[in-house]
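Right, one structure below, let's go through it.
Numbering (the working numbering), first residue to last: 98 to 223.
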């Protein structure tokens, strides 16, 4: 029987392109609780672990409930493509399109009200 071989370099690159994160999970240790997840770092081009300390809530039931809610929210954001490293470099990069469009139109209206832009120019944007 042939021995198992490592995947080829092309297959490894394909796998790396697909796996951009590992979902968040709660770790309940004796001395500390924390949430950890892995996310792709653009500087190192590797998955790096992120840790959120979770000891600030003294009631254990409340701590677990809040941690599970946070994990659910984190996993949803990660599935949508959110990356904390990219958010640090460009905080508005993960803004939904509708919100960005509304902000742009509000800025155009402000420029028209201030007299920096003609009303006809504003009309072409709308």
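Using N, Cα and C, we set each Cβ at its ideal position, and we do this for glycine too.
query                                                                                                                                                            : result
Which whole-angstrom value is the C-beta distance of residue 130 and residue 160, which I expect to be below 8 Å?                                                : 7 Å
Sorted by chain position, which residues of the same chain lie with C-beta nearer than 6 Å to residue 121's C-beta, five sequence neighbours on each side aside? : 132, 134, 168, 171 and 172
Would you call residue 194 buried or exposed, if buried means 16 or more other Cβ atoms sit within 10 Å of its Cβ?                                               : exposed
For residue 118, is the classification buried or exposed, using 16 other Cβ atoms within 10 angstroms of its Cβ as the cut-off for buried?                       : buried
Under 8 Å between the Cβ atoms of residue 206 and residue 219?                                                                                                   : yes
What runs of the alpha helix (DSSP H), each 4 residues or longer, lie entirely inside the segment 108 to 190?                                                    : 157 to 176 and 181 to 186
Report the CB separation of residue 136 from residue 144 in whole angstroms; it is logged as a contact under 8 Å.                                                : 7 Å
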